[in-house]
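Going line by line, the protein sequences match chains A and B. Sequential numbering of the first sequence, starting at 57, is according to this note's numbering. Sequential numbering of the second sequence, starting at 54, is according to this note's numbering. Idealized CB from N, CA, C, for every residue including glycine. Let me begin by presenting the structure, written as structure tokens, before commenting on it.
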Amino acid sequence: MARKHSLTAGISGLSITSLVALTACGDDSGDGGGDANAWVLTGGGWPQIEEDFERWNDESPEQAIDVEAYENDAYKEQIRTAVGAGEAPTLIMSWTGGALLEYVESDRVIPLTEHTGELEDRVHEAVWQNGVIDDETYAVPLNDVQPVVMYYNQEVFDEVGLDIPETWSDVEEAIEVFNDNDIAPFSLAGGSTWPALMWLQYLTDRHGGEEQFAGVIEDGESWSNESILFALETIQELGENGGFIDTYNGISAAQNEDAQLLADGQAAMLLQGSWVYATINMDFPEFAESGDFGFTTFPELEEGQGDPSNIVGNPANYWSVSADAPEEEQEDAIAYLSEHLYNDEAVDAMLDAGSLPPLNDISDRIEGTEAEDFLTFADELVAEANHFQLSWDQAVMPEHEQVLMDNLSEILSGNITPEEFAENMDSATS
Amino acid sequence: MTETAAPRSTDAPESPQGPKVADEAKRPRPTTPPKKSGIHRQGPSFLMAVPAVALFGLFALVPLFGVIAISFLDWQTVRGTVEWVGTSNWETVLSDRSFTWRALELTVYFVVGSYLFQMPTALLLGVFMAGAQKYRALLSVLYFLPLLFSSVAVGLTFQSLFSPNYGISAALSWLPLPNDWLSNPNLVMFVMVFVVGWCFIPFHALLYQAGVRQIPQTMYEAATLDGAGRVRQFFSITLPQLRYTFITSSTLMLVGSLTYFDLIYVLTGGSPANAVRILPLDMYIEGFSSHNLGNASVIAVILVAIGLALSLLLNVLSGSTKMQSDKAGA
């Protein structure tokens with residue numbers, strides 16, 4: 057009997073053990089024998105970042121920086137605990153937004169303004185501003201700029217004799233024509249929820265401009281905002297009237313299924329981040345080389361107040377310097393940021409990989425690269441953007457991210473109305 | 054996990070005990086029955102238990118009390134502030150937070166569903182596998198395979214299989230199959246019960262197989278002589294003889310389903326519309342995605358309480374204290 061109890065307690069305790077064990081994980085981050093350190097993410101454009109650290113360590117071994125790679129979700133879960141415990145790496149990576157604000161308010165990161173003058177001149181203003189809080193720079197971009205763009209399959213458009221939609225009434229016409237031809241107008245990985253956030257952001261922005269979301273986040277206004285409600289309604293309509301592929305709630309972005317539907321011609325368009333360009337080239341080379349793979353901007357909303365040049369996405373990932381690190385490590389980290397970031401070799405490596413550094417004077421260097429068309433398009437998109445909105449899941453305070461995604465998932469399933477979404481968000485964030 | 058199954062196998066083989074009994078019979082019987090010399094026997098056994106007790110204390114009791122303590126704290130990880138908030142987390146989780154009860158309801162569906170699917174299937178498979186034919190041995194190996202795969206691999210594989218556009222529904226489009234396996238909130242619970250069952254039925258079938266093999270053949274021979282058919286033998290001999298295995302397996306199944314996490318997390322993340330966000334997953338999301346360690350700890354304590362209660366209930370219902378031997382007549 058006693059044995060059975062202990063077994064049960066053991067099994068039940070498993071959940072608790074893991075909870076406590078995970079909380080303790082930040083402790084072994086290692087100080088690398090006095091060297092400054094940085095955590096980077098695996099996958100994406102990160103091999104180039106790691107190589108760049110290697111070059112830095114070769115060039116200035118007395119200021120070497122240790123690098124450890126983490127998988128995305130594991131990183132997000134560990135970094136907050138590590139920062140809170142004063143065990144953060146010297147260089148703290150973030151997506152800015154709510155997380156950076158929290159770090160700054162808690163004095164966990166140090167201001168960098170006086171060390172970054174030259175870099176500031178080189179980086180796109182709209183991207184740079186994300187790391188600035190109260191006129192003080194706390195975070196500097198470290199990798200490529202990631203706007204959300206509309207991809208399309210030209211072959212499918214030719215088949216039904218349509219042009220690529222530029223306005224929302226074009227979109228409505230396209231939905232009708234594609235539905236008559238049994239083709240899905242838009243692919244959407246609704247099962248992963250976050251791709252639907254891109255729709256919510258673009259539609260809100262096009263309807264009311266970037267001030268709408270800023271008001272909710274910065275001034276604590278209600279989520280029951282005309283533009284947000286319009287965007288949520290439109291998303292539900294697209295789900296119901298065949299705008300999205302009818303299986304959208306079961307499609308996962310983790311396996312790039314949404315991109316595959318576009319490549320197969322089962323869907324005509326896909327709204328996704330700029331990283332999908334590399335995915336399609338790598339996973340669906342036939343489609344990428346067929347000449348049918350195209351990309352354009354989000355359609356203009358005729359009645360909308362928003363500037364059609366506005367874009368949403370991830371301006372970049374950013375480095376901050378930990379306030380808990382010893383002064384010597386901080387100096388090494390700052391030296392890396394001010395002297396080394398976006399050096400010639402690193403920029404070339406990024407361009408070769410098809411990713412766009414957020415730099416002002418990049419157009420000459422794009423010429424002749426393999427992904428020239430896309431990089432030029434993305435560069436102009438970013439350079440001409442009136443406003444670059446950070447993904448909302450990163451922009452909100454970290455404790456509200458899950459509520460936002462949960463409620464958006466309910467919207468996609470049609471379980472709640474836009475008004476209920478706003479009520480739920482208000483009660484969670486107020 | 055196999056620990057509970059062990060006593061069955063150790064007391065079962067009769068041959069090693071045979072000679073001992075014979076030796077004892079030759080010895081002159083002592084006039085007074087040998088005292089149950091407590092000290093002599095308990096000394097070494099207690100010492101041997103020390104590592105186990107120490108590990109249990111370190112990895113089960115310390116975290117348990119830790120999590121109970123955290124459930125009364127407001128722990129802001131980044132700000133580094135820890136504040137005693139009394140029962141405020143408990144009130145939030147049990148009353149203000151509507152999702153707790155929904156998660157509990159889903160957990161009950163999941164536990165009951167898993168049990169109803171796994172128990173009969175594992176029992177029948179186990180009984181079938183206990184036969185001596187060679188093809189059964191081969192099939193047993195095949196049945197056992199799912200247990201060897203990692204949950205993440207299983208999750209990703211089933212994610213592809215259930216994909217609405219490229220999975221089994223698309224491949225077998227001539228069959229009237231639904232294609233929204235993972236996106237239909239009404240269907241996804243059944244899918245999870247099936248996939249988790251697929252992973253764990255082999256383990257329980259193995260327990261039952263071992264159980265069936267312990268049943269003395271003489272019972273079946275006697276029953277055959279009495280004219281009992283196979284069905285009658287199954288219900289009158291096999292089932293009653295398997296009651297210890299049944300209790301072990303049921304406890305593991307029910308408590309296991311109660312705390313099951315990884316495959317559901319990989320396969321669905323709780324979506325669509327939180328239709329499979331059972332308590333362990335809810336605890337994880339609340340703790341590590343919503344960064345609310347206090348609330349997550351409350352959910353963890355609730356899980357421990359339910360787990361203990363369930364295990365105790367099973368013990369009482371099965372009357373385990375009254376059980377003496379499973380060998381005394383069928």
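Item, Value
"Could you check what DSSP says for Leu168/A in three-state terms: helix, strand or coil?", "coil"
"According to DSSP, what are the bridge partners of Ile197/A?", "Just to set this straight, residue 197/A is Pro in the shown sequence, not Ile. Answer is Tyr374/A."
"The segment 322–343 of chain A: which residues have C-beta closer than 7 Å to a C-beta of chain B, in chain order?", "Gln322"
"Looking only at its own chain, which residues have a Cβ that is under 7 Å from the Cβ of Val164/B, when we skip the five neighbours before and after it?", "Leu307, Ser310, Leu311"
"Are the segment 161–168 of chain A and the segment 400–407 of chain A in contact at 8 Å, needing three or more beta carbon pairs?", "no"
"Out of curiosity, what's the CA-to-CA distance linking Val120/B and Ala353/B?", "7 Å"
"Using C-beta distances below 6 Å, list every residue in its chain close to Gly360/A, excluding the 5 sequence neighbours before and after it, in chain order.", "Arg262, His263"
"For Ile338/B, which residues in chain A fall below 9 Å Cβ to Cβ?", "Gln458, Asp462"
"Looking at chain A, is there any beta carbon in it that lies within less than 8 Å of the beta carbon of Pro217/B?", "yes"
"Distance check for Leu256/A and Ser150/A, CA to CA, integer angstroms please.", "23 Å"
"Taking 8 Å as the threshold (beta carbon to beta carbon), is Ala326/B in contact with chain A?", "yes"
"Which two residues bound the contiguous alpha helix (DSSP H) that contains Ala332/B?", "In the sequence as presented, Ala is not what sits at residue 332/B; that position holds Leu. Leu332/B -> alpha helix (DSSP H) spans 332–337."
"Does the distance from the C-beta atom of Thr432/A to that of Ile220/A stay below 8 Å?", "no"
"Apart from the five residues on each side of it in sequence, which residues of its chain come closer than 6 Å, Cβ to Cβ, to Thr174/B?", "Ile254"
"What residues from the segment 292–305 of chain A come within 9 Å of chain B, judged by C-beta to C-beta, listed N to C?", "Ile301, Asp302, Thr303, Tyr304, Asn305"
"To test your reading of the DSSP string, which unbroken alpha helix (DSSP H) runs of 4 or more residues are found completely within the segment 291–318 of chain B?", "296–311"
"Our contact map puts Pro203/A next to Ala434/A with C-beta atoms below 8 Å; I'd like the distance itself, whole angstroms only.", "6 Å"
"In chain B, which residues lie less than 7 Å from Arg262/A when you measure between Cβ atoms?", "What Arg262/A touches in chain B: nothing, since even the nearest Cβ is about 27 Å away."
"Enumerate, from N- to C-terminal direction, the unbroken beta strand (DSSP E) stretches of 3 or more residues contained entirely within the segment 343–409 of chain A.", "349–352, 367–370, 374–377"
"So, at 7 Å on beta carbons, what are the nonlocal neighbours of Ser167/B in its own chain, with the 5 sequence-adjacent residues on each side left out?", "Val246, Val249, Gly250, Met306, Ser310"
"With Leu288/A as the anchor, note down where its alpha helix (DSSP H) starts and where it stops.", "282–296"
"According to DSSP, is Trp112/A helix, strand or coil?", "helix"
"DSSP state of Ser148/B, grouped into three classes?", "helix"
"Under 6 Å Cβ to Cβ from Asp348/A, same chain only, skipping five residues before and after it: list those, please.", "Asn209, Gln210, Glu211"
"Following the continuous alpha helix (DSSP H) through Glu136/B, name the residue where it begins and the one where it ends.", "Per DSSP, Glu136/B belongs to no alpha helix (DSSP H); it is in the beta strand (DSSP E), 134–137."
"Going straight from the alpha carbon of Gly91/B to that of His344/B, what length do you get?", "Because Gly91/B sits at a pLDDT of 49, beneath the cut-off of 50, its placement in the model cannot be relied upon, and the following sentence gives the value as read from the coordinates. C-alpha separation (whole angstroms): 52 Å."
"Here's the rule: buried if 16 or more other CB atoms are within 10 angstroms of the residue's CB, otherwise exposed. What is Phe300/A?", "buried"
"For Asn373/A, count neighbouring C-beta atoms within 10 Å of its own C-beta (all shown protein chains included) and say buried if the count is 16 or more, exposed if not.", "buried"
"May I ask which residues mark the beginning and end of the beta strand (DSSP E) holding Gly329/A?", "323–329"
"Given a cut-off of 8 Å on the beta-carbon distance, is the pair Asp449/A and Glu455/A in contact?", "no"
"Listing by chain order, which chain A residues have their CB less than 7 Å from the CB of Leu235/B?", "Gly247, Gly306"
"Check whether the Cβ of Ser98/B lies closer than 8 Å to any Cβ atom in chain A.", "no"
"Output yes if chain A places a C-beta closer than 8 Å to the C-beta of Asn348/B; else output no.", "no"
"Following the continuous alpha helix (DSSP H) through Gln286/B, name the residue where it begins and the one where it ends.", "283–286"
"Tell me, please, which residues DSSP counts as bridged to Thr223/A.", "Glu356/A"
"Can you pull the chain B neighbours of Pro454/A, defined as C-beta to C-beta under 7 Å?", "His344"
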